[in-house]
Ligand SMILES: CC(C)(COP(=O)(O)OP(=O)(O)OC[C@H]1O[C@@H](n2cnc3c(N)ncnc32)[C@H](O)[C@@H]1OP(=O)(O)O)[C@@H](O)C(=O)NCCC(=O)NCCS
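The following block contains the structure:
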């Protein structure tokens, strides 16, 4: 599988240059890994492709929802493409998912729905299949799927771009403190199975006068990507501003403070995943000088008989 991963031209969103330990730690060792959901295609004795099916989490993020199937990975060696192997793998994965009770399947998983390959694919998290790596639209529409979610990967090179400056940012900087707590606490099971083995920190912006938390977020280390990108990179996620504190520029102040701290730690790239439908999310990161670099897509299909 390690050789397949490195021979399938998975594009810019896939880590490369890692050992089998990473596959073991980030996928096979997970408590919900089921070998029956991992289906390989062989030419005689040679593995030529695989699909990996799994499940999205329940709404309370405490377990798996077996009604919602996912295709976490799918790849076929370039020399074996356009022979129907990818399609056959998808059909076998659907059969496995239906047997376990799935009513729908989402290829690519989705922003918070993919339990496997976190830290190895998609950058910060495997929010979907990288648009630039395959003819996904044609491939999945032939199999009866409709377009699902589109996630925009935004990135900022901290060594190249400068921080924006304006009066509101300066005022906010005077009025708030950045508090760095250790690991994010109080997270649900689904967070720990996905991010628990990666470096993480929680950041909070605290209003000096009232000691109120006006914004929070977390960062996740993306060390498995170092061999491929040659630089240290970190993902920022879960940026949150309480309803009563919105429209004061606190989210932007938080993101910029995090950028500043990470630059001091010699981190060069910082990344975030934004729902393409979320204009607010996009505006936030664009204002912090992030640029869109990739789209991660999912495709959905209702399974027959459900
Ligand atoms: C997507 C992928 C799995 C398709 O595998 P495949 O074995 O070639 O798929 P199939 O032969 O079943 O293709 C079925 C249909 O999809 C469409 N299709 C597949 N590849 C296509 C391409 N490059 N261009 C246009 N259409 C394509 C065609 O309609 C094809 O039917 P046809 O050959 O009769 O025209 C393969 O291209 C791949 O491995 N890409 C990289 C995977 C990747 O990046 N994975 C990342 C997540 S882990």
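Residue numbers (our numbering): 1198 to 1503. Just so it is clear, CB atoms sit at the ideal spot from N, CA and C, and this is done for glycine as well. Note that the structure is a prediction, hence the values are computed from the model and not measured.
How big is the Cα-Cα spacing for residue i and residue j?
{"i": "residue 1494", "j": "residue 1353", "result": "21 Å"}
{"i": "residue 1501", "j": "residue 1454", "result": "50 Å"}
{"i": "residue 1255", "j": "residue 1390", "result": "14 Å"}
{"i": "residue 1382", "j": "residue 1369", "result": "26 Å"}
{"i": "residue 1336", "j": "residue 1316", "result": "26 Å"}
{"i": "residue 1478", "j": "residue 1442", "result": "16 Å"}
{"i": "residue 1385", "j": "residue 1241", "result": "44 Å"}
{"i": "residue 1234", "j": "residue 1412", "result": "40 Å"}
{"i": "residue 1291", "j": "residue 1371", "result": "55 Å"}
{"i": "residue 1491", "j": "residue 1351", "result": "7 Å"}
{"i": "residue 1306", "j": "residue 1497", "result": "9 Å"}
{"i": "residue 1329", "j": "residue 1318", "result": "14 Å"}
{"i": "residue 1400", "j": "residue 1409", "result": "14 Å"}
{"i": "residue 1457", "j": "residue 1465", "result": "11 Å"}
Specify the secondary structure class of residue i as computed by DSSP and reduced to three states.
{"i": "residue 1486", "result": "coil"}
{"i": "residue 1415", "result": "strand"}
{"i": "residue 1327", "result": "strand"}
{"i": "residue 1265", "result": "strand"}
When every heavy atom of ligand 1 is checked, does at least one fall within less than 7 Å of the C-beta of residue i?
{"i": "residue 1335", "result": "yes"}
{"i": "residue 1281", "result": "yes"}
{"i": "residue 1235", "result": "no"}
{"i": "residue 1421", "result": "no"}
{"i": "residue 1208", "result": "yes"}
{"i": "residue 1318", "result": "yes"}
{"i": "residue 1198", "result": "no"}
{"i": "residue 1391", "result": "no"}
{"i": "residue 1284", "result": "yes"}
{"i": "residue 1332", "result": "yes"}
{"i": "residue 1308", "result": "no"}
{"i": "residue 1456", "result": "no"}
{"i": "residue 1413", "result": "no"}
{"i": "residue 1321", "result": "no"}
{"i": "residue 1347", "result": "no"}
{"i": "residue 1273", "result": "yes"}
{"i": "residue 1278", "result": "yes"}
{"i": "residue 1288", "result": "no"}
{"i": "residue 1270", "result": "yes"}
Hey, residue i and residue j are a contact pair by Cβ (cut 8 Å); roughly how many whole angstroms apart?
{"i": "residue 1314", "j": "residue 1269", "result": "6 Å"}
{"i": "residue 1274", "j": "residue 1246", "result": "6 Å"}
{"i": "residue 1434", "j": "residue 1415", "result": "6 Å"}
{"i": "residue 1355", "j": "residue 1459", "result": "6 Å"}
{"i": "residue 1449", "j": "residue 1366", "result": "7 Å"}
So the candidates are the options; which of them puts its Cα closest to the Cα of residue i?
{"i": "residue 1467", "options": "1436, 1429 and 1492", "result": "1429"}
{"i": "residue 1436", "options": "1398, 1461, 1231 and 1408", "result": "1398"}
{"i": "residue 1284", "options": "1304, 1404, 1265 and 1253", "result": "1304"}
{"i": "residue 1271", "options": "1202, 1463 and 1475", "result": "1202"}
{"i": "residue 1487", "options": "1470, 1334, 1498 and 1499", "result": "1470"}
{"i": "residue 1294", "options": "1348, 1280, 1276 and 1236", "result": "1236"}
{"i": "residue 1427", "options": "1212, 1259 and 1349", "result": "1212"}
{"i": "residue 1417", "options": "1403, 1278, 1404 and 1396", "result": "1396"}
{"i": "residue 1249", "options": "1421, 1365, 1230 and 1262", "result": "1230"}
{"i": "residue 1243", "options": "1405, 1373, 1207 and 1276", "result": "1276"}
{"i": "residue 1387", "options": "1405, 1420, 1431 and 1262", "result": "1262"}
{"i": "residue 1439", "options": "1404, 1423 and 1462", "result": "1404"}
Residue i CB to nearest chain D CB: under 8 Å?
{"i": "residue 1413", "result": "No chain D is part of this structure, which consists of one protein chain only."}
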